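Chains as they are written, first to last, in this note's numbering: chain A, -8 to 137; chain B, 301 to 374; chain C, 125 to 376. Built from N, CA and C at the ideal position, the CB exists for glycine as well. Computed from a predicted model, the values in this text were never measured in an experiment. Only one structure is covered here, and it is reproduced in the block below.
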Amino acid sequence: MIERSPGRDPETSEADLSAAARTPTDEAALAARLERLGGTLEARRAAEEAENAKARPAGFAQATKIASEFVAGVIVGGGLGWVIDRALGTTPWALIVFVLLGFAAGVLNVLRAEGVVAGAGTRLREAGKNSGSASGRSDEGPGPTA
Amino acid sequence: MDPQAAKYLGAGIATLGMAGAGIGLGTIFGNYLAGALRNPAAADGQFGRLIFGFAVTEALGIFSLLVALILLFA
Amino acid sequence: MAADKVDPIHQFQITKILPIQVGHWDVSFTNSSLFMAVVVILATGFLVMASSSRAMVPSRWQVVAEMAYSFVADTLRDAAGKAGMQFFPLVFSLFMFVLVANLIGLVPYFFTVTSHIIVTFSLAILVIGIVIGFGIWKHGFHFFNLFVPKGVPAALIPLVTLIEIISFLSRPISLSVRLFANMLAGHITLKVFAGFVVTLSAAGAVGTVGSILPLAMAVALTALEFLVAFLQAYVFTVLTCMYLNDAIHPGH
């Protein structure tokens, strides 16, 4: 989400310039190279702008995503605990334990939704095999197809 | 006072503890954002710590939610 | 009296069109049912009409239908692999239903089916039920390996498994809450701004001029809502595909 390209642009242009300085007589090649560089920079900037424009309206969607992932974990934990309490008559212990477990599950959900932690165990490998795009990060932005 | 009413009042008051967690989360994410705007390159690397801080802070909020739930349902 | 006219929640009210009572269950035909039927008829009608000609050089309608088809097919294939394509009818139906329901809800005075959590929750339960059912049918007991992560110390396995199970069970909730919350919030915001226009323009000439601002806002929000409608239908589809992937390949 956060830019990583700006660091690269000056580098490439510098390398290009120093390479050009080694053959100062070849004016045409330099001009062509500059033009090409300008073209790439332009394309990259356009791509970046499109990326940013795409990211903005998706911000609310991402916020609801993370909040709902977290809250869902806690709700399910609390619900499970309550049902177990009703069934076994262990009030309030199952509720306490399961709300805390649900909290852990909620944090796990958030981490998974953000793609920091991969799916359980071998699902990491599995997701990597399937073109890698479909792993933990589910819906940040309209995706590659939109 | 009717004990049932006292229970509900207590549950309502207990959820006020979530406000503290809310303040804490605001501080954490606000500072993360401020840091990320100063040094965007370092932001990705600190995401794990952000979530760690979020989890610890929110855990304390969850305790107050738990007290409220126990008052209501247990 | 003006208050109930601009009440932003009023649009979500369910009214009975045809009261039916079976035993002690209320199975009345409501405006929600009506719009669900409209959504199904519209989606089916559109696809049948668009694909009826099957021209080599497609008409515009056919292009749209083909785009929807290949869009969902690509999403499913990316997330669940070749084996996932057996679920294509389900995923495509879900996508079309959610998308058309979201879009229809944007027409003024129309009911938004997906802004009720019970509808989105039923859809999510359907998906999770199929994931569990298919997973157990296909892999038997092996399916439960999904909940036991590898490389965890033996002492922690019960705890982590419990957390994984809760995390799995929370999926239908987060799936449904996300769709529902987005649609609900969008429609309430839209209605609030539209309400400003009504209230302001009732307050004389100055108010009428001033109401241009919220009107512009409402127009902009409508455009945003179209985007959200597409985005949430897409998100619902992607997550469905990912959950189906768990059923097809539950960690070997």
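Within 10 angstroms of the beta-carbon of Met307(C) lie 16 or more other beta-carbons, which makes it buried. Bridge pairing for Trp149(C): Val146(C) [DSSP]. 8 Å or more divides the Cβ of Phe94(A) from the Cβ of Leu71(A). Per DSSP, the continuous alpha helix (DSSP H) segment holding Met307(C) begins and ends at 281 to 325.
Linking Val284(C) to Ser294(C) through their CA atoms gives a straight-line distance of about 15 Å.
Non-local C-beta neighbours of Pro273(C) in its own chain, meaning closer than 7 Å and more than five positions away in sequence, comprise Val284, Glu288, ordered along the chain. Contact note: Gly69(A) reaches chain B through Leu369, using a C-beta cutoff of 7 Å and chain order.
Under the three-pair Cβ rule at 8 Å, the segment 296 to 311 of chain C does not count as touching the segment 333 to 344 of chain C. Ile144(C) counts as exposed, since fewer than 16 other beta carbons sit within 10 angstroms of its beta carbon. The continuous stretches of alpha helix (DSSP H) do not include Ser177(C), and DSSP gives it neither H nor E. The CB of Gly348(B) comes closer than 9 Å to the CB of Leu102, Val107 in chain A, given here in chain order. Relative to Leu286(C), the option among Pro277(C), Leu299(C), Phe271(C) whose CA is nearest is Phe271(C). Spanning the alpha carbons of Gln304(B) and Ile87(A) requires a straight line of approximately 21 Å. Ranked by Cα distance from Ala189(C), the first of Phe360(C), Asp202(C), Leu351(C), Leu223(C) is Leu223(C). Beta-carbon to beta-carbon, Leu280(C) and Leu363(C) are separated by about 28 Å, too far to satisfy the 8 Å threshold.
The alpha-carbon of Phe317(C) is positioned some 20 Å away from that of Ala52(A).
In terms of Cα proximity to His240(C), the closest of Gln356(C), Phe136(C), Tyr367(C), Leu345(C) is Phe136(C). Residue-level contact check: Ile249(C) does not touch chain A, since none of the beta carbons of chain A fall below 8 Å from its beta carbon. Counting C-beta pairs closer than 8 Å gives three or more between the segment 362 to 370 of chain B and the segment 305 to 321 of chain B, which meets the contact rule. Remark: fewer than three beta-carbon pairs, one from each stretch, lie closer than 8 Å, so the segment 195 to 214 of chain C and the segment 230 to 246 of chain C are not flagged as touching. In this structure, DSSP gives Thr154(C) an extended state, which the three-state scheme calls strand. Gly64(A) sits buried, since 16 or more C-beta atoms from the chains shown fall within 10 Å of its C-beta. Excluding the 5 residues flanking it on each side, Thr199(C) has same chain C-beta neighbours closer than 7 Å at Thr361, Val362, Cys365, in chain order. The three-state secondary structure of Lys140(C), taken from DSSP, is strand. When the beta-carbon positions are compared, Leu166(C) and Ile141(C) stay at least 8 Å from each other. Per the C-alpha coordinates, the member of Leu350(B), Ile370(B), Gly361(B) positioned closest to Val101(A) is Leu350(B). Within the segment 308 to 353 of chain B, complete alpha helix (DSSP H) segments of at least 4 residues are found at 317 to 338, 340 to 343, given in chain order. The beta-carbon separation of Ala104(A) and Glu60(A), rounded to 5 Å, stays under the 8 Å limit for a contact. At a cut-off of 8 Å between C-beta atoms, Leu86(A) does not count as an interface residue with respect to chain C. Comparing C-alpha distances from Gly253(C) to each of Pro374(C), Ala192(C), Leu368(C) shows the shortest one belongs to Leu368(C).
Contact check for Phe347(B) against Val107(A) passes: the beta carbons are separated by less than 8 Å. Interface flag for Leu79(A) against chain C is unset, since no Cβ pair is found closer than 8 Å. One finds nothing in chain A with a Cβ atom closer than 8 Å to the Cβ of Asn226(C); even the nearest lies about 13 Å away. With a cutoff of 8 Å on beta-carbon distance, Pro374(C) and Phe267(C) are scored as near each other.
Collapsing the DSSP output to three states places Glu105(A) in coil.
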